[in-house]
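Read through the structure below, which is laid out as structure tokens, and then see the notes.
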Ligand code: SF4
């Protein structure tokens, strides 16, 4: 078994779960007994920090008691996140946990990253003597932020199905893999009534925060654009970017081209991307200005609905009556304005 401090820093590890199973309290004790009050407070702190700062935050891990409370706060935070019952919140929390781990991983030896990679089913080869890390291309494609030029597979070189990456790259890939894993686990779980009862006031507080944020998001215009009138596809892409998801290139491209057609400036569009975990202004600016035609001779157009469906970025389950009438996301937006003008 690993040291307590390692388990506290990496609460998603199999060893940490095993530690809780062998030494931890029952769920009932964890929820109600006085000795675990601190773990409960930290659990809520993890959620608050993830929601507000995209990182579950640092706490002192000096003694065993600090580490144990940190370890126990993780399953508590997850159980409460499930009861909040909002997919945006779950994504945000998953990112907060994964980003925190990423910062720790940067300072770990590569051998430790290999252990984490194995737990997350990311296939990596490591040559200790030459200090060369290689990753299987499918795992790379699934997790790397390939929207950035240096991450594109053509700029990496591939040999025998593997790509050579740095320690920092591997940590970034594990961030994405872990974010995805936590998010999937949260989506698959149901709220436990005893957790809801214990944390009902915090759960309601988070739910209110989400309602406020959604209102702010929908009523605050982006430049001159009304978010409320955006088609479901663009709302989805925007929300995914803002919750720190690794949005595929075509989604980002379509959103930028769509907003550019609505006369949003490159700076206004850039602001929307600034919540990504590894947002790099210069690189994002280059891409945005390329699509909008500021730095190239071509101004790219947003694809129509049919193409959006082919690319898998039209959320068919969210299509509404306006979607059924239009063939292009821009027509959706102008139809929404026309509908508003007709209102008495
Ligand atoms: S039907 Fe068109 S406008 Fe509606 S969500 Fe799909 S792509 Fe967007």
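In this note's numbering, the protein residues as written are 1 to 344. A virtual CB, placed ideally from N, CA and C, is assigned to each residue, including glycine. These numbers were taken from a predicted model, which means no experiment stands behind them.
Close Cβ partners of residue 318 (< 6 Å) along its chain, the five nearest in sequence each way excluded: 232
Extract the residue ranges of the alpha helix (DSSP H) inside the segment 132–176, only unbroken runs of 4 or more that lie entirely within it. 137–143
Output yes if chain B places a C-beta closer than 8 Å to the C-beta of residue 264; else output no. The structure shown contains no chain B; it holds only a single protein chain.
To test your reading of the DSSP string, which unbroken beta strand (DSSP E) runs of 3 or more residues are found completely within the segment 96–131? 124–127
What's the gap between the Cα of residue 339 and the Cα of residue 320? 14 Å
From this set, 279, 342 and 307, which residue's C-alpha is nearest residue 329's C-alpha? 307
DSSP-derived helix/strand/coil call for residue 62: coil
Is the Cβ-Cβ distance between residue 74 and residue 9 less than 8 Å? no
Is the beta carbon of residue 248 within less than 7 Å of some heavy atom of the ligand SF4? no
Between the CA atoms of residue 304 and residue 327 - distance to the nearest angstrom: 6 Å
Whole runs of the alpha helix (DSSP H) within the segment 20–94, excluding any shorter than 4 residues: 27–32, 37–53 and 64–84
Would you say the beta carbon of residue 19 comes nearer than 7 Å to a heavy atom of the ligand SF4? no
Is residue 305 near the ligand SF4, judged by its Cβ being under 7 Å from some heavy atom? yes
Quick check: the Cα distance between residue 270 and residue 173, rounded to an integer number of angstroms? 24 Å
Inter-residue spacing [alpha-carbon to alpha-carbon] between residue 123 and residue 113: 11 Å
Exposure label - residue 251; buried when at least 16 CB within 10 Å: buried
Residue range of the alpha helix (DSSP H) that includes residue 233: 232–242
Ignore the nearest five residues each way along the sequence and tell me which others in residue 32's own chain have a CB closer than 8 Å to its CB. 198
Need the endpoints of the alpha helix (DSSP H) that residue 189 sits in, please. Residue 189 -> no alpha helix (DSSP H), and no H or E assigned at all.
Would you please state the rounded distance, in angstroms, between the beta carbons of residue 178 and residue 101? I believe it to be under 8 Å. 6 Å
Which class does residue 13 belong to by DSSP, given the choice of helix, strand or coil? coil
Within the same chain, show all residues whose beta-carbon is closer than 7 Å to that of residue 43, passing over the 5 residues directly before and after it, in chain order. 73, 76, 77 and 80
Helix or strand or just coil, what does DSSP make of residue 5? helix
Thinking C-alpha only, which one of 291, 118 and 87 is nearest residue 183? 87
Where does residue 199 sit, in a helix, a strand or coil, going by DSSP? coil
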